[in-house]
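Engineer: Chains as they are written, first to last, in our numbering: chain A, 1 to 98; chain B, 1 to 319.
#1: How would you label residue 331/B, buried or exposed, when you count the other beta carbons within 10 angstroms and need 16 or more for buried?
#2: Answer with yes or no whether the minimum CB distance from residue 119/B to chain A is below 7 Å.
#3: Give the straight-line distance between the Cα atoms of residue 147/B and residue 229/B, rounded to the nearest whole angstrom.
#4: Apart from the five residues on each side of it in sequence, which residues of its chain come closer than 6 Å, Cβ to Cβ, to residue 23/A?
#5: Quick one: grab the DSSP three-state call for residue 89/A.
#6: When you compare each of 82/A, 80/A, 94/A and 71/A to residue 156/B by their alpha carbons, which one comes out closest?
#7: Quick one: which chain A residues come within Cβ less than 9 Å of residue 142/B?
#8: Within 10 angstroms of its Cβ, does residue 165/B collect 16 or more other Cβ (buried), or is it exposed?
#9: Please compile the residues from chain B whose C-beta is within a distance smaller than 8 Å of the C-beta of residue 32/A.
#10: According to DSSP, is residue 218/B part of a helix, a strand, or is it coil?
#11: Where DSSP assigns a beta bridge to residue 106/B, which residues make up the other side?
#12: Is residue 115/B close to chain A? Criterion is C-beta to C-beta, closer than 7 Å.
#13: Would you grab the beta carbon distance between residue 192/B and residue 182/B for me? Rounded to a whole angstrom, and I think it's under 8 Å.
#14: According to the neighbour-count rule (16 or more other Cβ atoms, all chains shown, within 10 Å of its Cβ), is residue 267/B buried or exposed?
#15: Whole-angstrom Cβ separation of residue 78/A and residue 88/A, contact assumed at under 8 Å?
#16: Between which two residues does the alpha helix (DSSP H) holding residue 36/A run?
#17: Ordered along the chain, which non-local residues of its own chain (more than five positions away) have a Cβ less than 7 Å from that of residue 57/B?
#18: To the nearest whole angstrom, what separates the beta carbons of residue 27/A and residue 27/B, a pair I think is in contact under 8 Å?
#19: Decide yes or no for the touch test of the stretch 135–147 of chain B against the stretch 42–52 of chain A: beta carbon pairs closer than 8 Å, at least 3 of them.
#20: Where does the unbroken alpha helix (DSSP H) through residue 175/B begin, and where does it stop?
#21: Alpha carbons only, please: which of 2/B, 49/B and 244/B is nearest the one belonging to residue 123/B?
#22: Name the residue from 62/B, 125/B, 219/B and 69/B whose alpha carbon lies nearest to the alpha carbon of residue 25/A.
#23: To the nearest angstrom, how far is the alpha carbon of residue 141/B from that of residue 151/B?
#24: Under 8 Å, CB to CB, which of the residues in the stretch 66–89 of chain A have a partner in chain B?
#25: Is the number of C-beta pairs between the stretch 220–228 of chain B and the stretch 254–262 of chain B that are closer than 8 Å three or more?
#26: Measuring CB to CB, does residue 14/A end up less than 7 Å from residue 99/B?
#27: Quick one: complete alpha helix (DSSP H) runs, 4+ long, within the stretch 238–266 of chain B?
#28: Could you check whether residue 118/B and residue 50/A sit closer than 7 Å to each other, using their CB atoms as the reference points?
#29: Roughly how many angstroms separate the alpha carbons of residue 19/A and residue 7/A, rounded to a whole number?
#30: Please list, in chain order, the residues of the stretch 145–172 of chain B that have any C-beta partner in chain A closer than 9 Å.
#31: Between 96/B, 168/B and 196/B, which has its C-alpha nearest residue 223/B's C-alpha?
#32: Can you look up residue 121/B in the DSSP assignment and give me helix, strand or coil?
#33: For residue 68/B, go through chain A and note every residue whose CB falls closer than 8 Å to its CB, in chain order.
#34: So residue 32/A and residue 22/B are in contact, right, with Cβ under 8 Å, and what is the actual spacing, rounded?
#35: Since residue 247/B and residue 220/B are thought to touch, with beta carbons under 8 Å apart, how far apart are those beta carbons, to the nearest angstrom?
#36: Is the shortest distance between the beta-carbon of residue 64/A and the beta-carbons of chain B less than 7 Å?
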């Protein structure tokens with residue numbers, strides 16, 4: 001059963017990664033990042049049961065906390081960029097690359 | 001057996017929802033799909049002896065994080081569709097190829113690993129899942145836990161700093177708004193009074209019934225444009241409403257033509273109108289001041305309603 005969970009986690013992670021690469025809307029990109037974090041959490045929980053100790057669950061808990069903080073900051077940045085550029089597309093934020 | 005059934009049902013649901021998240025055109029659909037994935041993952045945690053994480057997943061992710069996402073979606077514009085233009089040529093294709101390759105790599109890696117039967121958590125969670133987790137968090141991981149609190153405070157402060165905006169122009173008072181309203185009336189002929197409510201003097205007071213003028217004709221100001229457009233598309237728009245809308249369109253067109261014919265005169269008018277001693281618009285402006293000052297009871301709602309309408313424009317000017 002462990003293998004099944006790990007494959008599911010890998011699939012969700014890959015789908016999230018493809019979403020980050022393919023989508024242009026910053027908010028959807030962000031959602032895909034959240035999906036990747038969730039997939040990692042599933043792997044952590046699975047390994048906690050596989051190895052018979054609770055450390056995996058605690059790491060998953062910390063990942064959730066960090067993800068919550070990250071969402072707050074990320075969305076604030078998206079709103080700030082939207083205010084100045086009137087767009088939520090990642091292609092419009094191109095002044096940082098020079 | 002129960003776990004296997006749960007797993008297969010939720011695996012199909014979560015992978016489908018994840019694909020929907022990536023490929024749906026509308027961002028709100030993506031958000032709902034993400035919520036579905038998170039809920040099914042919460043159930044999978046519960047199945048795998050992690051009831052505390054399942055609860056946290058539902059409370060933190062589907063509760064707080066999804067709400068934040070939806071709020072920002074509403075702020076940033078729900079209808080902002082993705083552009084289909086590829087800034088890097090072949091990016092979509094190669095992204096999907098890379099994704100498939102990565103999936104194959106992970107799948108083969110996990111599939112080839114030889115895993116013993118899961119040890120299970122019965123031995124370490126003898127006191128129950130939550131007490132055992134608490135014991136670990138407050139002993140071995142207590143430093144990380146304390147650092148987490150600092151992280152959360154920093155994040156909250158950062159969000160406040162990022163979202164805060166200083167007011168660059170003074171807030172328009174009721175007086176400013178009423179003055180602007182009558183300047184607008186003098187220059188563009190826009191109705192300075194509150195809009196008539198639908199159904200005034202009519203036989204029904206439903207939102208789709210237009211207000212009638214004293215002579216019995218339809219007041220185009222009271223027509224809800226959204227409903228009228230929908231009804232026109234369905235072909236159920238009442239002919240008198242259509243006539244009133246057409247008359248108004250003709251009037252605006254005429255006014256625009258007049259303005260383009262005499263731009264110089266109009267410009268002078270506008271400059272005067274904004275001053276206190278404007279020549280032609282003076283009468284209207286002083287009328288407005290009187291109306292606001294004496295505030296007849298049925299006029300009292302006017303500044304409030306109009307301030308709502310003009311405030312966003314002001315804000316944009318200030319930017």
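Note that beta-carbon positions come from the ideal geometry of N, C-alpha and C, so glycine has one too.
Since the structure is predicted, the reported quantities are computational estimates derived from the model, not experimental observations.
Structural biologist: Judging by the given coordinates:
#1: Only positions 1 to 319 of chain B appear in the structure, and residue 331/B is not among them; the question remains open.
#2: For residue 119/B, the nearest beta carbon of chain A is closer than 7 Å to its own beta carbon.
#3: Taking the straight line from one Cα to the other gives about 57 Å.
#4: Cβ neighbours of residue 23/A beyond the five flanking positions: 29.
#5: Residue state, collapsed to three classes: strand.
#6: Of the listed residues, the one whose Cα sits closest to residue 156/B is 71/A.
#7: Residues of chain A with a Cβ closer than 9 Å to the Cβ of residue 142/B do not exist; the shortest Cβ-Cβ separation is about 11 Å.
#8: Around the beta-carbon of residue 165/B, fewer than 16 other beta-carbon atoms lie within 10 Å, marking it exposed.
#9: The contacting residues are 21 and 22.
#10: Residue 218/B falls in the strand class under three-state DSSP.
#11: DSSP output for residue 106/B lists no bridge partner at all.
#12: At least one chain A Cβ lies under 7 Å of residue 115/B.
#13: Residue 192/B to residue 182/B, Cβ: 6 Å. Contact.
#14: Caution applies to residue 267/B, whose pLDDT of 49 falls short of 50 and renders its modelled position unreliable; the value that the coordinates give is listed next. With fewer than 16 Cβ atoms within 10 Å of its Cβ, residue 267/B is classed as exposed.
#15: Sure, about 6 Å apart at Cβ, within 8 Å.
#16: First-last of the alpha helix (DSSP H) with residue 36/A: 26–51.
#17: Closer than 7 Å at the Cβ level, and outside the excluded window around residue 57/B, lie 38, 41, 42 and 45.
#18: About 6 Å separates the two Cβ atoms, so the contact holds.
#19: Short answer: they don't touch.
#20: From DSSP, the alpha helix (DSSP H) with residue 175/B extends over 174–188.
#21: It is 49/B.
#22: For the residues 62/B, 125/B, 219/B and 69/B, the minimum Cα distance to residue 25/A belongs to 69/B.
#23: Roughly 15 Å separates the two Cα atoms.
#24: Of all residues in the stretch 66–89 of chain A, the ones placed with a Cβ closer than 8 Å to any Cβ belonging to chain B are 66, 67, 68, 69, 70, 71, 72, 73, 75, 76, 77, 78, 79, 80, 82, 83, 87, 88 and 89, in chain order.
#25: The stretch 220–228 of chain B is not in contact with the stretch 254–262 of chain B.
#26: Yes, the pair counts as a contact, with Cβ atoms nearer than the cut-off.
#27: As far as the stretch 238–266 of chain B is concerned, its whole alpha helix (DSSP H) runs of at least 4 residues are 239–261.
#28: The Cβ atoms of residue 50/A and residue 118/B lie closer than 7 Å to each other.
#29: Note on geometry: alpha-carbon atoms of residue 19/A and residue 7/A lie some 18 Å from one another.
#30: Within the stretch 145–172 of chain B, the residues whose Cβ lies closer than 9 Å to some Cβ of chain A are 145, 148, 151, 152, 154, 155, 156, 158, 159, 160, 161, 162, 163 and 165, listed in chain order.
#31: Comparing Cα-Cα distances from residue 223/B to each of 96/B, 168/B and 196/B, the minimum goes to 196/B.
#32: Residue 121/B sits in coil when the DSSP states are folded into three classes, being neither helix nor strand.
#33: By Cβ distance, chain A contributes 71, 72 and 75.
#34: Sure, about 7 Å apart at Cβ, within 8 Å.
#35: Right, their Cβ atoms sit about 7 Å apart.
#36: Yes, residue 64/A lies at the interface with chain B (some Cβ there is under 7 Å from its Cβ).
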